[in-house]
Amino acid sequence: MTRKQKRLSVIVAGLTFLAVATGLTFYALGQKASYFYMPGDLATATVQPGQRIRLGGLVEKGTIVRGQGATVAFSVTDKQKSVKVTYTGILPDLFREEQGVITEGSFGADGIFVADSVLAKHDERYMPKEVADGLKAKGVWQESKSE
62 MTRKQKRLSV
72 IVAGLTFLAV
82 ATGLTFYALG
92 QKASYFYMPG
102 DLATATVQPG
112 QRIRLGGLVE
122 KGTIVRGQGA
132 TVAFSVTDKQ
142 KSVKVTYTGI
152 LPDLFREEQG
162 VITEGSFGAD
172 GIFVADSVLA
182 KHDERYMPKE
192 VADGLKAKGV
202 WQESKSE
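So, in structure tokens, the structure goes:
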């Protein structure tokens, strides 16, 4: 093998390694992707039971029911439709009725959304961007004048 052939084989091996690493990275990220939906969007979406999604909206007033242990049931709404959610774990301190929330999980066979994580609003002026954009598009939520 000549010096030129050795150099070319090292370059080809390096490019092959980078291509495989890039392919594996995109494959892994694709497996972790979870799509964002508002309750009204679920009527037209085809979400299979067990498929991981993010569900966002407002915690519907009067729907928070504390069960045994750390289990909580509540509904997420976009003021047009609502979805029942169950969550087992410690809720964020800022979780309350009529506040922005994003839940991540999947639908059970019974049609109830089983969340494994719940994210609540950050402070008095913040709402998660996906939730705010979805609610603004439906004309349900508007930013305060002080922002």
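Residue numbering for the sequence shown follows our numbering, beginning at 62 and increasing consecutively. Even for Gly, the Cβ is constructed at its ideal location relative to N, Cα and C.
Residue interval of the beta strand (DSSP E) (run including residue i)
{"i": "Lys145", "result": "Ser143 to Thr149"}
{"i": "Leu180", "result": "Phe174 to Ala181"}
{"i": "Gly166", "result": "Gly161 to Phe168"}
{"i": "Thr63", "result": "Run containing Thr63: none; DSSP gives neither H nor E here."}
{"i": "Ala134", "result": "Thr132 to Thr138"}
For residue i, the three-state DSSP class (helix, strand or coil)
{"i": "Gly111", "result": "coil"}
{"i": "Arg127", "result": "strand"}
{"i": "Leu90", "result": "helix"}
{"i": "Leu155", "result": "coil"}
Residue i - containing alpha helix (DSSP H), residue span
{"i": "Glu191", "result": "Lys190 to Ala198"}
CB of residue i within 7 angstroms of CB of residue j, strictly
{"i": "Phe135", "j": "Thr149", "result": "no"}
{"i": "Thr147", "j": "Gly118", "result": "no"}
{"i": "Val179", "j": "Leu196", "result": "no"}
{"i": "Phe156", "j": "Ala193", "result": "no"}
{"i": "Lys145", "j": "Ile173", "result": "yes"}
{"i": "Val120", "j": "Glu158", "result": "yes"}
Neighbourhood of residue i by C-beta, 6 angstroms cutoff - its chain only, sequence neighbours within 5 removed
{"i": "Asp177", "result": "Gly166"}
{"i": "Gln141", "result": "Gly101"}
Close-in-space but distant-in-sequence residues of the same chain around residue i (CB under 8 angstroms, 5 per side omitted)
{"i": "Lys199", "result": "Met99, Gly101, Asp139, Lys140 and Gln141"}
Other residues of its chain near residue i: CB distance less than 7 angstroms, five sequence neighbours each side excluded
{"i": "Gly111", "result": "Ser167"}
{"i": "Val73", "result": "none"}
Stretch pair the segment 122-133 + the segment 96-110: three plus CB contacts closer than 8 angstroms: They do not touch, by the three-pair rule.
Touching or not, the segment 69-89 and the segment 149-168, by the rule of three or more beta carbon pairs under 8 angstroms? no
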